[in-house]
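Novice: Here you go, one structure.
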Amino acid sequence: MLLRRADIALDMARRHRYTHQRYLEGQDEHHLRQLTLIRDLQDAVSNGELWMAYQPKVNAMTGRVNQCEALMRWRHPSLGFIPPDEFIGLAERSGSIRMLSQWMLANVCAQLHAWKQQGYHLSIAVNLSASDVVDRQLSVHLTSLFERYQLNPAQLSIEVTESAVMQDVDAAMSTLLELNQLGLSIAIDDYGTGYSSLAQIKRLPVSELKIDKSFVLAIDSQKMI
1 MLLRRADIAL
11 DMARRHRYTH
21 QRYLEGQDEH
31 HLRQLTLIRD
41 LQDAVSNGEL
51 WMAYQPKVNA
61 MTGRVNQCEA
71 LMRWRHPSLG
81 FIPPDEFIGL
91 AERSGSIRML
101 SQWMLANVCA
111 QLHAWKQQGY
121 HLSIAVNLSA
131 SDVVDRQLSV
141 HLTSLFERYQ
151 LNPAQLSIEV
161 TESAVMQDVD
171 AAMSTLLELN
181 QLGLSIAIDD
191 YGTGYSSLAQ
201 IKRLPVSELK
211 IDKSFVLAID
221 SQKMI
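In terms of the UniProt record's numbering, the numbers along the sequence shown are unbroken and rise by one, the last being 225.
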């Protein structure tokens, strides 16, 4: 037990880049839950436990929906609904994130094709991880999906967080340029939470900045920002 708890504290220190970390009461249960989710995530796709929710993006001027944001969801067979900010982080740490991203992109492209068949011409925004934006095969994979589902690349837009880009700016820029040249639009999500500057963002093929919610939640009641 002592060694296990020392290992838990070590893992916490590594993830948060602390110089030291003490074991805290209750971390055993949290650690076991994480191990369970990492293990079960491998089979979540094949077992049909994942699905995509589509959040409409409404044009404030016209009141019309012109795009949806695709959001991955997971209902675990015994643990119930798992928050995305929990399992996405675990997928990134365990190396499963590209598997999830490939499933998501295929699912989204299939949905776009289905909507097109029904006469709905919408675009979808998808969120990519830090691992995705340095994947040199991403544009090849997307090109294959566009051909399979007979889609215009402009129907898909990419959202990536500021922190994900800043992990490897040069590699991210290369990938995002390739995607932009395919015809996809690029947005920086959660802007303002990282350490980038507008000068750095200007180097990227970005058409939209999404300000982090911490800056706008109380915008109607704040006297100054």
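Even glycine gets a Cβ: it sits at the ideal position worked out from N, Cα and C.
Should L112 be listed as close to the ligand HEM, given that the test is whether its C-beta is under 7 Å from any heavy atom?
Specialist: Questions concerning the ligand HEM fall outside what the structure shown contains, since it holds no ligand whatsoever.
Novice: Who does N180 pair with in a DSSP beta bridge?
Specialist: Taking the sequence shown and counting its residues from 1, the one referred to as residue 180 is at position 180. According to DSSP, which records beta bridges pairwise, N180 is partnered with nothing at all.
Novice: If you draw a straight line from the alpha carbon of I188 to that of G48, how long is it in whole angstroms?
Specialist: Translated into positions along the sequence shown, residue 188 becomes position 188. Translated into positions along the sequence shown, residue 48 becomes position 48. C-alpha separation (whole angstroms): 30 Å.
Novice: By how many angstroms is the C-alpha of R33 removed from the C-alpha of A106?
Specialist: Working through the sequence shown from its first residue, we reach residue 106 at position 106. Working through the sequence shown from its first residue, we reach residue 33 at position 33. Rounded to whole angstroms, A106 to R33 spans 29 Å at the Cα level.
Novice: Would you give the residue range spanned by the beta strand (DSSP E) that S157 belongs to?
Specialist: Taking the first residue of the sequence shown as 1, we reach residue 157 at position 157. First-last of the beta strand (DSSP E) with S157: 156-161.
Novice: Would you report the Cα separation of Q67 and L37, rounded to the nearest angstrom?
Specialist: For this step, residue 67 is matched to residue 67 along the sequence shown. For this step, residue 37 is matched to residue 37 along the sequence shown. Approximately 32 Å, taken between the alpha carbons.
Novice: DSSP three-state call for Q167: helix, strand or coil?
Specialist: Mapped onto the sequence shown, residue 167 falls at position 167. Q167: helix per DSSP, three-state reduction.
Novice: Spatial neighbours of L145 within its chain, please: C-beta separation below 7 Å, excluding the five flanking residues on both sides.
Specialist: In the sequence shown, counting from the first residue as 1, residue 145 sits at position 145. Hits under 7 Å: L105, A106, C109.
Novice: According to DSSP, simplified to helix, strand and coil, what is S174?
Specialist: Against the sequence shown, residue 174 aligns to sequence position 174. In the structure shown, S174 sits in a helix (DSSP, three-state: H, G or I).
Novice: For K210, I'd like the list of residues in its chain whose CB is within less than 8 Å of its CB, leaving aside the five on either flank, ordered along the chain.
Specialist: For the purposes of this step, residue 210 is taken as the residue at position 210 of the sequence shown. Excluding positions up to five away in sequence, the list reads E159, A187, I188, D189, D190, Y191.
Novice: For the region 198-205 against the region 173-182, do three or more pairs of beta-carbon atoms, one drawn from each stretch, fall closer than 8 Å, so that the two count as touching?
Specialist: Yes, since at least three Cβ pairs between the region 198-205 and the region 173-182 fall closer than 8 Å, the two stretches touch.
Novice: With a CB to CB cut of under 8 Å and the five nearest residues on each side skipped, what residues in its chain are close to M52?
Specialist: Walking along the sequence shown from the start, residue 52 turns up at place 52. Counting only Cβ-Cβ distances below 8 Å, and skipping sequence neighbours, we find A70, L71, M72, R73, M104, N107, V108, Q111.
Novice: Where does G89 sit, in a helix, a strand or coil, going by DSSP?
Specialist: As a first step, residue 89 must be located in the sequence shown, where it is residue number 89. The answer is helix: DSSP assigns G89 an H, G or I state.
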